[in-house]
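This report refers to the structure that appears directly beneath it.
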Amino acid sequence: MSDFKFNCPHCNQSLEAPADMLGSTIECPACNGSIQLPEPQAPPPPVPKPPPPPDGEFAPDAATEKQIAYIRALGGSPPQGLTKEKASDLIDKLRSTAPPTTKQLDLLKKLGGTVTPGMTSAQASDLISQLNDSQSPTKQQIKFIKMLGGDVPATKREASELCQSLPSTAPATAQQQKQAEELGLALPENATFAQANELLSDAEMDADPDEGKPPTKAQLNKIAKLGGDPQKAPNRWRAEE
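Letter by letter, the sequence shown follows residues 1 to 241 in my numbering.
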């Protein structure tokens, strides 16, 4: 059970207490003021599953727990028998009218965003996306881009795009060349990072004690039955390919 977070009503000190202490009176460690914690809230009742369809028809998927939780976070009430598709429609409708959720408000505060009067959950989501994209690149992005010899851009969004495009143009790294030598693999002279990754992955599978075993008779028979050449399947995993 997660801790309950709150502020002291006397000195505004940020505090937290185990959830099992809800309903009790505690003393603020900062100002020694007496604090009455709220009573614990009962968990929301489960949403009944949709009734079974008539014989011969497929039952629609029931709304997921995540959808149900999100609908409640937006101030909605999931109706009985809510399906996954209808839950998605309800979420879209609520997001266009409901105020930002607590999680969205926390994110906006962290990103330095401004919550305007009348802002909806959908608008908050768009603003969070914009602010997040304009942040500086993460340490992982910077490390990856530098490893591939790229120039680190100014924003997280640009870094994300570069991390996706660089592997297909950047040459294989020294680490990949070393790994290839250890596996007895000769990388093509102009192999890119992405090509080297694929070749190394295949070589590791070939060297695997189980996957690298000769193909089974059942695999060879299946390949021949499908019109393939069993000779092109040197081991089990390539036979499955």
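Beta carbons: idealized from backbone N, C-alpha and C, even for Gly.
**Message:** Classify M1: buried if its beta carbon has 16 or more other beta carbons within 10 angstroms, exposed otherwise.
**Reply:** Working through the sequence shown from its first residue, we reach residue 1 at position 1. Legend: pLDDT at M1 = 48, less than 50; position of this residue unreliable, no value from coordinates given.
**Asked** For M1, which three-state DSSP category applies?
**Response** The sequence position of residue 1 within the sequence shown is 1, counting from 1. Unreliable positioning characterises M1 in this predicted model, as indicated by a pLDDT of 48, which lies under 50. A coordinate reading is not provided.
**Asked** The alpha helix (DSSP H) with A203 in it runs from where to where?
**Response** Locating residue 203 in the sequence shown gives position 203, where the first residue counts as 1. Run containing A203: F193 to A207, per the alpha helix (DSSP H) assignment.
**Prompt:** Per DSSP, P171 is paired with what?
**Reply:** As a position in the sequence shown, residue 171 is number 171, starting the count at 1. DSSP, once it has assigned bridges, lists T192 as partnering P171.
**Message:** Tell me the DSSP secondary structure of S242 in three-state form.
**Reply:** The chain is shown from 1 up to 241; residue 242 falls before or after that span and cannot be answered.
**Message:** Assuming A239 is part of the alpha helix (DSSP H), what are its boundary residues?
**Reply:** Within the sequence shown, the letter at position 239 stands for residue 239. First-last of the alpha helix (DSSP H) with A239: R236 to E240.
**Item:** Neighbourhood of Q176 by C-beta, 6 Å cutoff - its chain only, sequence neighbours within 5 removed
**Value:** Reading the sequence shown from its first residue, position 176 is the one you call residue 176. So the list reads A196, once near-sequence residues are dropped.
**Item:** Anticipated Cβ contact below 8 Å, T116 with T97, distance rounded
**Value:** The residue labelled residue 116 in the question sits at position 116 within the sequence shown. The residue labelled residue 97 in the question sits at position 97 within the sequence shown. Their Cβ separation, rounded to whole angstroms, is 15 Å, which puts T116 and T97 out of contact at 8 Å.
**Message:** Pop quiz: I71 and L105 are said to be a contact at Cβ under 8 Å. What is the actual Cβ separation, rounded to whole angstroms?
**Reply:** Translated into positions along the sequence shown, residue 71 becomes position 71. Translated into positions along the sequence shown, residue 105 becomes position 105. The Cβ separation is near 18 Å, so there is no contact.
**Asked** Where do the ends of the alpha helix (DSSP H) carrying L220 lie?
**Response** Along the sequence shown, read from residue 1 onward, the residue named residue 220 stands at position 220. Looking at the DSSP string, the run of the alpha helix (DSSP H) that includes L220 is K217 to K225.
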